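Protein chains in written order, with our numbering: chain A, 1 to 349; chain B, 1001 to 1349; chain C, 2001 to 2349. Read through the structure below, which is laid out as structure tokens, and then see the notes.
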Amino acid sequence: MVTNDSERPVEPLVGQSAEGALGTASQDVVWNHDHVLDLDDFLYEEIESVISLAGKMREVLDRRIARAPILRGFTVINLFFEPSTRTRASFELAGKVLGADVISVSANTSSVVKGESLIDTVKTLSAMTADVIVMRHEMSGAPYLASRHTRASVINAGDGSHAHPTQALLDIYTLKQRLGDLKDKKIVMVGDISHSRVARSGMWGFSAMGANVVLCGPPTLLPSGFAVSDRPEHARTALPDVDIETDIDVAIKDADVVMALRLQKERQQGGLLPSLHEYSRLYQVTAERLSKAKNNHILMHPGPKNEGIEIGGDVASGSNSTIEEQVTNGVAVRMALLYLIAQRNQRGN
Amino acid sequence: MVTNDSERPVEPLVGQSAEGALGTASQDVVWNHDHVLDLDDFLYEEIESVISLAGKMREVLDRRIARAPILRGFTVINLFFEPSTRTRASFELAGKVLGADVISVSANTSSVVKGESLIDTVKTLSAMTADVIVMRHEMSGAPYLASRHTRASVINAGDGSHAHPTQALLDIYTLKQRLGDLKDKKIVMVGDISHSRVARSGMWGFSAMGANVVLCGPPTLLPSGFAVSDRPEHARTALPDVDIETDIDVAIKDADVVMALRLQKERQQGGLLPSLHEYSRLYQVTAERLSKAKNNHILMHPGPKNEGIEIGGDVASGSNSTIEEQVTNGVAVRMALLYLIAQRNQRGN
Amino acid sequence: MVTNDSERPVEPLVGQSAEGALGTASQDVVWNHDHVLDLDDFLYEEIESVISLAGKMREVLDRRIARAPILRGFTVINLFFEPSTRTRASFELAGKVLGADVISVSANTSSVVKGESLIDTVKTLSAMTADVIVMRHEMSGAPYLASRHTRASVINAGDGSHAHPTQALLDIYTLKQRLGDLKDKKIVMVGDISHSRVARSGMWGFSAMGANVVLCGPPTLLPSGFAVSDRPEHARTALPDVDIETDIDVAIKDADVVMALRLQKERQQGGLLPSLHEYSRLYQVTAERLSKAKNNHILMHPGPKNEGIEIGGDVASGSNSTIEEQVTNGVAVRMALLYLIAQRNQRGN
Chain A
1 MVTNDSERPV
11 EPLVGQSAEG
21 ALGTASQDVV
31 WNHDHVLDLD
41 DFLYEEIESV
51 ISLAGKMREV
61 LDRRIARAPI
71 LRGFTVINLF
81 FEPSTRTRAS
91 FELAGKVLGA
101 DVISVSANTS
111 SVVKGESLID
121 TVKTLSAMTA
131 DVIVMRHEMS
141 GAPYLASRHT
151 RASVINAGDG
161 SHAHPTQALL
171 DIYTLKQRLG
181 DLKDKKIVMV
191 GDISHSRVAR
201 SGMWGFSAMG
211 ANVVLCGPPT
221 LLPSGFAVSD
231 RPEHARTALP
241 DVDIETDIDV
251 AIKDADVVMA
261 LRLQKERQQG
271 GLLPSLHEYS
281 RLYQVTAERL
291 SKAKNNHILM
301 HPGPKNEGIE
311 IGGDVASGSN
321 STIEEQVTNG
331 VAVRMALLYL
341 IAQRNQRGN
Chain B
1001 MVTNDSERPV
1011 EPLVGQSAEG
1021 ALGTASQDVV
1031 WNHDHVLDLD
1041 DFLYEEIESV
1051 ISLAGKMREV
1061 LDRRIARAPI
1071 LRGFTVINLF
1081 FEPSTRTRAS
1091 FELAGKVLGA
1101 DVISVSANTS
1111 SVVKGESLID
1121 TVKTLSAMTA
1131 DVIVMRHEMS
1141 GAPYLASRHT
1151 RASVINAGDG
1161 SHAHPTQALL
1171 DIYTLKQRLG
1181 DLKDKKIVMV
1191 GDISHSRVAR
1201 SGMWGFSAMG
1211 ANVVLCGPPT
1221 LLPSGFAVSD
1231 RPEHARTALP
1241 DVDIETDIDV
1251 AIKDADVVMA
1261 LRLQKERQQG
1271 GLLPSLHEYS
1281 RLYQVTAERL
1291 SKAKNNHILM
1301 HPGPKNEGIE
1311 IGGDVASGSN
1321 STIEEQVTNG
1331 VAVRMALLYL
1341 IAQRNQRGN
Chain C
2001 MVTNDSERPV
2011 EPLVGQSAEG
2021 ALGTASQDVV
2031 WNHDHVLDLD
2041 DFLYEEIESV
2051 ISLAGKMREV
2061 LDRRIARAPI
2071 LRGFTVINLF
2081 FEPSTRTRAS
2091 FELAGKVLGA
2101 DVISVSANTS
2111 SVVKGESLID
2121 TVKTLSAMTA
2131 DVIVMRHEMS
2141 GAPYLASRHT
2151 RASVINAGDG
2161 SHAHPTQALL
2171 DIYTLKQRLG
2181 DLKDKKIVMV
2191 GDISHSRVAR
2201 SGMWGFSAMG
2211 ANVVLCGPPT
2221 LLPSGFAVSD
2231 RPEHARTALP
2241 DVDIETDIDV
2251 AIKDADVVMA
2261 LRLQKERQQG
2271 GLLPSLHEYS
2281 RLYQVTAERL
2291 SKAKNNHILM
2301 HPGPKNEGIE
2311 IGGDVASGSN
2321 STIEEQVTNG
2331 VAVRMALLYL
2341 IAQRNQRGN
């Protein structure tokens, strides 16, 4: 019996073969995270490392056979407490493209029904030798709690209205592909800012890359702590340096990037919106309004979109829209994150 | 660094290795479909190509190790808006036997809950580099709509009461295994014809193979556009040339094949059925009734079956029944379709 | 064309490579089961075989790349009619670590919604060439019924309040790792004995290994057929030789092992419990009560646990607790069972 034979059918997790599989060596990677919870503690260099690696992952996705099985033997568990098509499938595909095994546990089929606590669930999944737990939860902060009780790495796939860091990273990657550099670019996010985890992670990420972030929406849907157009001193530590503008036409003027946020229709019941019709009239991102942005502006949406409410159907599928690119790039960015975590864990953490 | 190394762990999608894996070259394949939506536009030669290839796939399934990973790197997404055990699992297994990655998205865990439109969902999934979207939807025509908005190939796994082409193909394959040829064979489908996607795709497929198709059921459950025993001229274009018979004993007489269709128990509420008991008395496929069919008749059912309603329990598990063969053959036929689509896409479409 | 090439990308199911992958030959295995339904018909030697093999599987799990793909080409179907996180994920991971394909079918997405009968479902899944059906069902006995209608092997993953044999096996494995031998060890199970499939399989398994099993709980939650402290003769055949004790302090005294069982909170509505508070006061496994057990006692819980009800939070995460080990060992035991079944089927059954 030859011991070397014992793992033969399993390719190396990462290592020299990764260079081959990714078509290049990944040098000068800066990465010091066990978990990906939000971007507020990400260095510029760390974001650059993710983006650079995502570029190589995107090349893998564009191959005829879109596979680079450098994470064989790596276990990713998708733990989703909220319904999701795109993010769950994106992580599942990201894992599978790299040869990892991906197991999905969704709240409605899980023993959460039996009242199992979040901590108990996460401890259990990591005891099953999960390497990464990708987690979506309706409660802000849940992935932080989880990360303190597991040996696995936790990736936040959206927690309440708090954070959605992989969305922000895929947006940054998409913008860098188009613009080269985000420095001093005007990025306007329009919609229900105060309940949007996409907006919150976006403002941290875009700011870290040197962009000028403008938040635009009706006063009732702007984060508390912001006054209109001037933010009190005490709130400065809690949010990056961004501008606020309730008039969409002023906000969009000369914008490099306009991102329409999904409007949760339930918001209307909460009394924060007079009506969907009124919202659309005042804040829908339309062709006419985009004519005030820069000529080569980019139009983004995190999806799923309500066409005719927060975004016009014509511009959503127009030539300035990067909505489908964002989806493809999302797979690439998630591949990059799984790889960075696997490589860090392999080095002995 | 050797570029050739980069994809080493991934087997070719299709190509020369496929010949080896399938035990033979697949010559003279006629196949001109980007999508599989219904059989009404399938040529006889195309159906023959699927059936012939399904025979090779069935040989793979009968091996001790039932795997031929010729579709490594191929991504299949199961998008099911209606509950399904057998069809979803059958496609998942078909993909996995061929080495493809299969991701399942079901309606109750998907962001369809959030109101995401069908088109948006399909665009998103294809932007994630899905090669095939296998789709079941409660609305007739939904897969057609989907196919016009995606780069992926769409396979209809059942849409409303419209079509279920993979079921018809597996039925044809099962019958050809038993009968050799369907030409001039009498195939009787009994039950709720007007709401049955199985019947609708079956009539197109069986007719294309030269069989004589007889539809049998209570007048309220026959398709409108059919009068009893004579069909008006204007309906000819919408349906293949089939016969109608409301008397089951007349219909079954000298039949080569009898297919009992599942009765949706909900149909009773709609006022189309007096009672389940009355239905069973008049239209249940029983041993006594089958005694009027040919001696070596074949009894089919697409499953899941209501024993004691549309079919007698004794005949369902009797020697003329092909119900379990149909299930196994369903995996083989779906393997064949995935292979044909992959090969077409590889040729540059 | 070379025939030998045809299966090249698929590793052998089991065989000489298994020795390499597992790091040793598996000699003297005693195993005579087509199905794993309960432990009441398991020989001591069969349990020892599972445990010994689970030890090798645990070594695979502890590798940096926790994979030994010796079951490539093997198909496991998870058929869960009750919600479950841990057991379903554990079987899925067990299969994937060994390179098997695992397909999950859960009741709320399955055609069980359409009224498909259990037998029909199981026949269908085995006709799809499933090798193993892992089944959880709310009805006691359902896996037995299933096993009589399928060519696949059925593993009971919990049926009603009847049996949960893989849980008992993982508990035995965990105890043997800690204690070496279970002979004459005092194992106390505390809680809702009469509704617990964990307790029921545990008593068979622990008794077979020579342990002294004590069942402890309120009289209303002890199995009928037991009188307090003496069991009538006629019940002897239905249960192994165990002791009953309603006083938890007497039960725990000098115990080697204490297992707290999950209390189903719904039990209160049934009138079998005065209140959760009263239950906790009388039967919660606490540090104080455990001080009467042996010094090096082991504390177990099958999970998911209600901390503060049947178990104290401090002891649950204390140094005597094996709760997380049980989870990891559960994957190892399930790997062992899948392997034993595959090897038996390969020998021609």
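Built from N, CA and C at the ideal position, the CB exists for glycine as well. Every value quoted in this text rests on a predicted model; they were computed, and no experiment measured them.
Closest to C/Phe2081 by C-alpha separation, out of C/Glu2245, C/Met2128, C/Ser2104 and C/Arg2262, would be which residue? C/Ser2104
Which value, in whole angstroms, describes the spacing of the CA atoms of A/Val122 and C/Val2213? 31 Å
Rounded Cβ spacing between B/Ile1248 and B/Val1190 (contact assumed at less than 8 Å): 6 Å
Could you tell me if B/Thr1109 is buried or exposed, where buried requires 16 or more neighbouring beta carbons within 10 angstroms of its beta carbon? Note on B/Thr1109: pLDDT 45, under 50, position unreliable in the model; no value is reported.
Tell me the residue span of the beta strand (DSSP E) that contains A/Lys186. Lys186 to Val190
Taking a contact to mean a Cβ-Cβ separation below 7 Å, would you say C/Gly2202 touches C/Ala2168 in this structure? yes
Taking 7 Å as the CB-CB cut-off, is B/Gly990 touching chain A? The displayed coordinates of chain B run from 1001 to 1349. Any statement about residue 990 of chain B would go beyond what the structure contains.
I'd like to check one pair, B/Val1154 with B/Pro1165: are the Cβ atoms closer than 7 Å? no
Using only CA atoms, which one of B/Leu1170, B/Ile1070 and B/Val1285 lies nearest to C/Met2128? B/Leu1170
Contact list for A/Ala127 against chain C, beta-carbon separation under 7 Å: Glu2324, Val2327 and Thr2328
Does C/His2277 come out as helix, strand or coil in the three-state DSSP assignment? helix
Is the CB-CB distance between C/Asp2254 and C/Lys2294 below 7 Å? yes
Name the residue from A/Arg86, A/Gly95, A/Lys265 and A/Val14 whose alpha carbon lies nearest to the alpha carbon of A/Ser280. A/Lys265
Taking the beta strand (DSSP E) that B/Gly1158 belongs to, which residues open and close that run? Ser1153 to Asp1159
Beta-carbon proximity check, C/His2137 vs C/Ser2161, cutoff 7 Å: no
8 Å CB neighbourhood of B/Glu1325 in its chain, flanking five on each side removed: Thr1174 and Gln1177
Which chain C residues sit within Cβ distance under 8 Å of A/Ile103? Ala2089, Glu2092, Leu2093 and Lys2096
Measuring only between beta-carbons, confirm whether A/Ala260 sits less than 7 Å from chain B. no
Whole angstroms are fine: how far does the CA of B/Leu1071 sit from the CA of A/Pro69? 15 Å
Using DSSP's beta-bridge definition, name the partner residues of B/Met1259. B/Met1189 and B/Met1300
Can you find the residues in the same chain that come closer than 6 Å, C-beta to C-beta, to B/Val1113, ignoring five residues on each side of it along the sequence? Confidence is the limiting factor: at B/Val1113 the pLDDT is only 45, short of 50, which leaves the residue's position unreliable, though a coordinate-based value still follows. So no residue of the chain qualifies.
Cβ atoms of C/Ala2152 and C/Arg2200: under 7 Å apart, would you say? no
Near C/Leu2221, what residues of its chain come up, given a Cβ to Cβ distance below 8 Å and the 5 sequence neighbours on each side ignored? Gly2191, Asp2192, Ile2193, Ser2194, His2195, Arg2267, Leu2272 and Leu2273
Using the three-state DSSP reduction, which class does C/Ala2163 fall into: helix, strand or coil? strand
For B/Arg1289 and B/Lys1096, I'd like the C-alpha separation in whole angstroms. 41 Å
Along chain C, in chain order, which residues have C-beta atoms closer than 9 Å to that of B/Val1331? Ala2127, Met2128 and Thr2129
Going along chain C, which residues have a C-beta under 8 Å from B/Ala1066? Gly2073, Thr2075 and Thr2129
For B/Leu1079, which residues does DSSP report across the bridge? B/Val1105 and B/Met1135
Considering only residues of the same chain and omitting the five flanking positions on each side of A/Ser126, which have a CB-CB separation below 6 Å? Thr150, Arg151 and Ala152
Comparing the C-beta of A/Thr246 with each C-beta of chain B, is any distance below 7 Å? no
B/Lys1183, buried or exposed, once every other Cβ within 10 Å from all chains shown has been counted against 16: exposed
May I have a chain-ordered list of the alpha helix (DSSP H) segments no shorter than 4 residues that lie completely inside the stretch 1036-1063 of chain B? 1044-1061
How would you write the range of the beta strand (DSSP E) that B/Asp979 sits in, first residue to last? Outside the displayed span of chain B (1001 to 1349) sits residue 979 of chain B, for which this structure offers no information.
Buried or exposed: where does A/Asn306 fall if 16 or more other Cβ atoms within 10 Å of its Cβ makes it buried? buried
For C/Val2122, the first and last residue of its enclosing alpha helix (DSSP H): Leu2118 to Ala2127
Mind checking the stretch 1187-1199 of chain B against chain C and listing, in chain order, the residues whose C-beta falls within less than 9 Å of any C-beta there? none
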